[in-house]
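S.K.: In the order they appear, the protein sequences are chains A and B.
If you're matching positions, the first sequence starts at 1 in my numbering and goes up one per residue.
If you're matching positions, the second sequence starts at 116 in my numbering and goes up one per residue.
Quick reminder that beta carbons are idealized off the backbone N, C-alpha and C, glycines included.
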Amino acid sequence: KNQVEQSPQSLIILEGKNCTLQCNYTVSPFSNLRWYKQDTGRGPVSLTIMTFSENTKSNGRYTATLDADTKQSSLHITASQLSDSASYICVVSAEYGGSQGNLIFGKGTKLSVKP
Amino acid sequence: NAGVTQTPKFQVLKTGQSMTLQCAQDMNHEYMSWYRQDPGMGLRLIHYSVGAGITDQGEVPNGYNVSRSTTEDFPLRLLSAAPSQTSVYFCASSYSGTGANGYTFGSGTRLTVV
Numbered sequence: 001k002n003q004v005e006q007s008p009q010s011l012i013i014l015e016g017k018n019c020t021l022q023c024n025y026t027v028s029p030f031s032n033l034r035w036y037k038q039d040t041g042r043g044p045v046s047l048t049i050m051t052f053s054e055n056t057k058s059n060g061r062y063t064a065t066l067d068a069d070t071k072q073s074s075l076h077i078t079a080s081q082l083s084d085s086a087s088y089i090c091v092v093s094a095e096y097g098g099s100q101g102n103l104i105f106g107k108g109t110k111l112s113v114k115p
Numbered sequence: 116n117a118g119v120t121q122t123p124k125f126q127v128l129k130t131g132q133s134m135t136l137q138c139a140q141d142m143n144h145e146y147m148s149w150y151r152q153d154p155g156m157g158l159r160l161i162h163y164s165v166g167a168g169i170t171d172q173g174e175v176p177n178g179y180n181v182s183r184s185t186t187e188d189f190p191l192r193l194l195s196a197a198p199s200q201t202s203v204y205f206c207a208s209s210y211s212g213t214g215a216n217g218y219t220f221g222s223g224t225r226l227t228v229v
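(1) Note down, in chain order, every chain B residue with its Cβ under 8 Å from the Cβ of Gly106(A).
(2) By how many angstroms is the C-alpha of Ser46(A) removed from the C-alpha of Asn180(B)?
(3) Taking 8 Å as the CB-CB cut-off, is Ile12(A) touching chain B?
(4) Give me, in chain order, the residues of the same chain whose beta-carbon lies closer than 7 Å to that of Gln200(B); leave out the 5 immediate sequence neighbours on both sides.
(5) Could you tell me which whole beta strand (DSSP E) segments of length 3 or greater appear in the segment 168 to 206 of chain B?
(6) Nearest to Ala79(A) by CA position, among Pro115(A), Thr26(A) and Lys37(A), is which residue?
(7) For Phe238(B), decide whether its Cβ has a neighbour in chain A, counting only Cβ atoms nearer than 8 Å.
(8) Cβ closer than 7 Å: which chain B residues qualify as neighbours of Pro44(A)?
(9) Kindly say whether Ile77(A), judged by its beta-carbon, lies nearer than 8 Å to any beta-carbon of chain B.
(10) Judging by CA-CA distance, which residue of Gly43(A), Pro44(A) and Tyr62(A) is the nearest neighbour of Val73(A)?
(11) When you compare the CB of Gly217(B) with every CB in chain A, is at least one pair closer than 8 Å?
(12) Can you tell me where the beta strand (DSSP E) holding His162(B) begins and where it ends?
(13) Tell me the DSSP secondary structure of Asp153(B) in three-state form.
Rendered as C-alpha cells:
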C-alpha cells in the first residue's frame, strides 16, 4: 500500500534555530516528491519538488533532500522565522502513466516557531 | 491574480441539505481535483477531472458529485449533507495529474454540518 509517513508530528523551536523534518514513503512507481507549506486557514503552497535523480533542492532557507534508495526525504529549515510557523506536508506522486497520476499525502508536521 | 478560487470560504449546513462548493481556475490547467482535510489525517482525494467532460472518483467519493463542463470550473456537490462531511475542502489544479508541473491549491472551504 502506498504510504507517506512524516515525523515528528509537531515541533516547537525558537526563532533563529534550525530544524529538520522527516518524510518516509513507500510509493511505487515513484514520480516525484514535493514539500508543501500550509499556513493556518490557507491551502498548501509548494516549496520544492524533486524527481528520482535529484538529491538536494533549495528554496531560500528551505533545503529538501531525497534518498531514493532508502525512500526518505527531509526538509531542513535554516535560521527559522516566526513566519515559518505552519504545517509542512510531504506529498509523493505515483506515476501510473499519462494523466492518471496519484498523489499520496503525509499527515504533515506542525511547526511552531517561538520568539 | 492567477490561481484557484474557491467559494464560499465558510458554510454551515443542516443535515440533509444540499449545496455546491465552487472552484474556478484561470491557468488553463487540464487536471483539477477536490480534497478534504480532516484533523490528524492527510488530504484525501474525493473526485478528480483530467479535462472538460471527464471526471473520476478518488479515495472518498461517497456523498459527493462533480461535473466538468468547462476547463475553468469544477464544482463539488454535496447531495444530502451529513455530519461526517464536516471538513475543510480544497480544490487543486495542475497541468498534469502527476503534479510534475506543480499543484495549485485554493484557499479552502470550511464546511460544518450540524
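M.R.: Reading from the atomic positions:
(1) One-based indexing of the first sequence puts residue 106(A) at position 106. In chain order: Gly157.
(2) Along the second sequence, one-based indexing puts residue 180(B) at 65. Along the first sequence, one-based indexing puts residue 46(A) at 46. Using only the alpha carbons, I get a separation of about 28 Å.
(3) Taking the first residue of the first sequence as position 1, residue 12(A) is located at position 12. It does not; no Cβ of chain B falls within 8 Å.
(4) Your numbering for residue 200(B) matches position 85 in the second sequence. Result list for Gln200(B): Gly178, Leu193, Leu226 and Val228, in chain order.
(5) 169 to 172, 179 to 181 and 191 to 193
(6) Taking the first residue of the first sequence as 1, we reach residue 79(A) at position 79. Minimum Cα distance to Ala79(A) is reached at Pro115(A).
(7) Within the shown structure, residues of chain B are numbered from 116 to 229, placing residue 238(B) beyond reach of any answer.
(8) Counted from its first residue, the first sequence places residue 44(A) at position 44. Chain B residues near Pro44(A): Phe220.
(9) Here residue 77(A) corresponds to residue number 77 of the first sequence, with the count starting at 1. Answer no: the Cβ-Cβ gap between Ile77(A) and chain B never drops below 8 Å.
(10) For this step, residue 73(A) is matched to residue 73 along the first sequence. It is Ser, not Val, that sits at residue 73(A) in the sequence shown. Comparing Cα positions, the closest option is Tyr62(A).
(11) Numbered from 1 along the second sequence, position 102 holds the residue referred to as residue 217(B). Judged by the 8 Å Cβ criterion, Gly217(B) is in contact with chain A.
(12) Your numbering for residue 162(B) matches position 47 in the second sequence. Segment Arg159 to Gly166, the beta strand (DSSP E) holding His162(B).
(13) Counting from one through the second sequence, the residue named residue 153(B) turns up at place 38. If DSSP states are grouped into helix, strand and coil, Asp153(B) belongs with coil.
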